[in-house]
Amino acid sequence: MSESRFFHQNRWFQRFPVTLLLAGQVFVRLLRGKLQRAALAEQLGVAGPRALGTVLLMSGLAGMICVMQMGRELIRYGAIESMGGAFALAFCRELGPLLTAGIVAGQVGGTYAAEVGVMQITEQIDALHMLRTNPVDYLVTPRVVACCVMVPILTTFAITIGLGSGALVAYQVYGQPPDLFLNSVRFFLTLEDLWAIVLKAVVFGVLVSLIGCSWGLTTRGGAKGVGQSTTAAVVNIWVAIFLADLVLSLVLAIPPIPG
0 MSESRFFHQN RWFQRFPVTL LLAGQVFVRL LRGKLQRAAL AEQLGVAGPR ALGTVLLMSG
60 LAGMICVMQM GRELIRYGAI ESMGGAFALA FCRELGPLLT AGIVAGQVGG TYAAEVGVMQ
120 ITEQIDALHM LRTNPVDYLV TPRVVACCVM VPILTTFAIT IGLGSGALVA YQVYGQPPDL
180 FLNSVRFFLT LEDLWAIVLK AVVFGVLVSL IGCSWGLTTR GGAKGVGQST TAAVVNIWVA
240 IFLADLVLSL VLAIPPIPG
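When we follow numbering that gives the first Met the number 0, the leftmost residue of the sequence shown carries the number 0, and every step to the right adds one.
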């Protein structure tokens, strides 16, 4: 009984195919140029400014913590000059994009699941069908595009603030000049790394929006169902983000085959 109740509440096996179906529908609509600009402008305001303050705060704190922990170990091995490079490898490549996506998942992905879920249980989705308005065009596609645009922008802000706070701590705590810290970052962080960061951010944005919308569209059970869908959406977005990061890291880390 408890097992059946678990599958009834989570319904992951029902919702995952819906997510894949939504992804295909959004892709086809973008190829056909079907994008409601008014809805996109509204969702850009939701996906970006709503999470910006939290992203800046958390990135600044994370940058300080990373440098303090790295500096302690690098001093032990006499490699304090490589602090900026070590920070670039850890924060810019991985922690910055993951931290930003996690914040967007909680604030934006959860909002998407709750908003669409409320529309589902109050039969507003059915009303859109009666008005001959496709919910994918009106609800899903603008949200997906907005997240694909705003998550890379937020990630850029996060990495910039992280670098600034890291350089500040490196100077104040370990006496390393900011120019030495940033030169080490430039030496280790390549152009390929920057493209990889952007790619990860776009993929994370797709996952946040698609899972949030699909979990909202499959909401059942009134107000309680909305709460369950919102919580489940955020958890599943986190899992999907880490899985995607693992796959992308493995693919991007494979060296090219010499010709």
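Ideal Cβ positions, reconstructed from N, Cα and C, are used throughout, including at glycine.
Exercise. Excluding sequence positions up to five away, which residues of its chain have a Cβ less than 8 Å from the Cβ of F5?
Worked result: Residue confidence for F5 is low, a pLDDT of 44 falling below 50, so the modelled location carries little weight; the figure read from the coordinates is stated next. The answer is none, since no qualifying residue turns up.
For this session: Grab the span of the alpha helix (DSSP H) containing E72 for me, first residue to last.
Result: Its alpha helix (DSSP H) spans residues P48 to R75.
Exercise. So, helix, strand or coil for E41, using DSSP?
Worked result: Looking at E41 - three-state DSSP - the assignment turns out to be helix.
Exercise. Would you call the region 51-61 and the region 109-116 touching, i.e. three or more CB-CB distances under 8 Å?
Worked result: Touching, no.
Problem set entry | Residue range of the unbroken alpha helix (DSSP H) whose run includes R185 | P177 to F187 is the span of the alpha helix (DSSP H), which, as asked, contains R185.
Exercise. Which value, in whole angstroms, describes the spacing of the CA atoms of D136 and V148?
Worked result: If I take the Cα positions, the gap works out to 17 Å.
For this session: Look up L34 in the DSSP assignment and say whether it is helix, strand or coil.
Result: When secondary structure is reduced to three states using DSSP, L34 falls in the coil class, being assigned neither helix nor strand.
Exercise. Between G105 and F15, what straight-line distance do the alpha-carbon atoms span, to the nearest angstrom?
Worked result: About 19 Å.
Exercise. Closest by CA to F86, which one among V202, V143 and F180?
Worked result: For the set V202, V143 and F180, the Cα lying nearest the Cα of F86 is the one of F180.
Exercise. Taking the alpha-carbon positions, what's the T159 to L130 distance?
Worked result: For T159 and L130, the gap between their C-alpha atoms comes out near 45 Å.
Problem set entry | Inter-residue Cα distance where the pair is D244 and V202 | If you take the alpha carbons of D244 and V202, they lie about 9 Å apart.
Problem set entry | Cutoff 7 Å; reference Q119; Cβ partners in own chain excluding five residues on either side | In chain order, G215, L216 and T218 place their CB closer than 7 Å to the CB of Q119, counting only its own chain and leaving out the 5 sequence neighbours on each side.
Exercise. How far does the alpha helix (DSSP H) with T140 in it reach, from first residue to last?
Worked result: Segment T140 to Y173, the alpha helix (DSSP H) holding T140.
Problem set entry | Three-state class that DSSP yields for N235 in the structure shown | Three-state result, N235: helix.
For this session: Note down the Cα distance separating A37 from A46, rounded to an integer number of angstroms.
Result: Their backbone Cα atoms lie some 15 Å apart in a straight line.
Problem set entry | Supposed contact pair V233 and G108 - C-beta distance, whole angstroms, cut 8 Å | 6 Å between Cβ atoms; contact.
For this session: Taking the CB atoms as reference points, tell me whether P134 and A200 lie closer together than 8 Å.
Result: No. Outside cutoff.
Exercise. Are the CB atoms of L94 and S81 nearer to each other than 8 Å?
Worked result: Judged by their CB atoms, L94 and S81 are not nearer to each other than the 8 Å cut-off.
Exercise. Just curious, the alpha helix (DSSP H) that F203 is in, first and last residue?
Worked result: Residues L190 to L216.
Problem set entry | Selected residue, minimal CA-CA separation from I64, among V246, L153, A252 and V168 | When each option's Cα is compared against that of I64, the closest is V168.
For this session: Report the three-state DSSP secondary structure of G220 (helix, strand or coil).
Result: G220: coil per DSSP, three-state reduction.
For this session: Check M0 in the structure and name its three-state DSSP category.
Result: Reliability fails at M0, whose pLDDT of 38 lies under 50, so the model's placement of it is uncertain and the value that follows must be treated cautiously. It is coil, neither helix nor strand.
Problem set entry | Status (buried if at least 16 other CB within 10 Å, exposed otherwise) for I256 | Since pLDDT at I256 reaches only 49, below the 50 mark, its modelled position is unreliable, and the value read off the structure follows with that caveat. Per the 10 Å Cβ criterion, exposed.
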